Amino acid sequence: MLFALLAAFLLRQPVTVQAVVLGLCTGLFVTTAAEAHDRTPVLSTVVLQVLGTAVVAGSLFVGGSRTRLRRQGADPDDADPAWLYWIYSAIWLAGIAAALYALFGGAGFKVAALAIVPLVLLAPSALQGLRLAALALVRTPA
């Protein structure tokens, strides 16, 4: 119950707030993977990678969300939870892969730590999305 409430908290935010959060988390995951073999990454490079990826990912999220809602004729801030849960799940799983790649690569925990906060932030929504995907697979007739 509490986990579902935490997942719904992020999804109840406006599309632009979700895009900023998702973009920054994606930027941290991409930077973690890119710096996986560098034990001492340069801070200016890390910041530029995070912000550059955040702008691209956030813009794609907003554009995709607005396009999908325009086709359905719905309110832009009224999100479809299943669609969002699946996006959060995909990015969260990619973040886990990036953190493991950095942890067991040459960078170690120092770089893998970049992914800790975004993983925790996206975990409720991502796990809810995985649960919904599992339920959809079970309900699908074979």
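Just so it is clear: in the sequence shown, position 135 is 134 by numbering that gives the first Met the number 0, and no numbers are missing. No residue lacks a Cβ here, since even glycine has one placed at the ideal position from N, Cα and C. Keep in mind the model is a prediction, meaning the values are calculated, not measured.
C-beta contact flag for residue i and residue j at 8 Å
i	j	result
Thr-31	Ala-93	no
Gly-51	Val-19	no
The ligand HEM heavy atom lying under 7 Å from the CB of residue i
i	result
Leu-131	With respect to the ligand HEM, the structure shown offers nothing to examine, as it has no ligands at all.
N- and C-terminal bounds of the alpha helix (DSSP H) containing residue i
i	result
Arg-138	115-138
Gly-22	14-33
Ala-111	108-111
Closest by C-alpha distance to residue i, when choosing among the options
i	options	result
Gln-127	Pro-40, Phe-108, Leu-21 and Tyr-87	Tyr-87
Ile-90	Gln-48, Leu-23 and Leu-131	Leu-23
Ala-125	Tyr-100, Gln-17, Ala-112 and Trp-85	Trp-85
Cβ-based neighbour list, residue i, same chain, cut-off 8 Å, excluding 5 preceding and 5 following
i	result
Ala-106	Glu-34, Ala-35, His-36, Asp-37, Arg-38 and Pro-40
Contact belief for residue i with residue j at Cβ below 8 Å, rounded distance in angstroms
i	j	result
Ala-123	Phe-28	Just to set this straight, residue 123 is Pro in the shown sequence, not Ala. Not quite, the Cβ-Cβ distance comes to about 17 Å (not below 8 Å), so this is no contact.
Leu-10	Leu-83	5 Å
Val-14	Val-55	At roughly 16 Å, the Cβ-Cβ gap does not stay under 8 Å, so Val-14 and Val-55 are not in contact.
Same chain, Cβ closer than 6 Å to residue i, five either side skipped, listed in chain order
i	result
Ala-132	none
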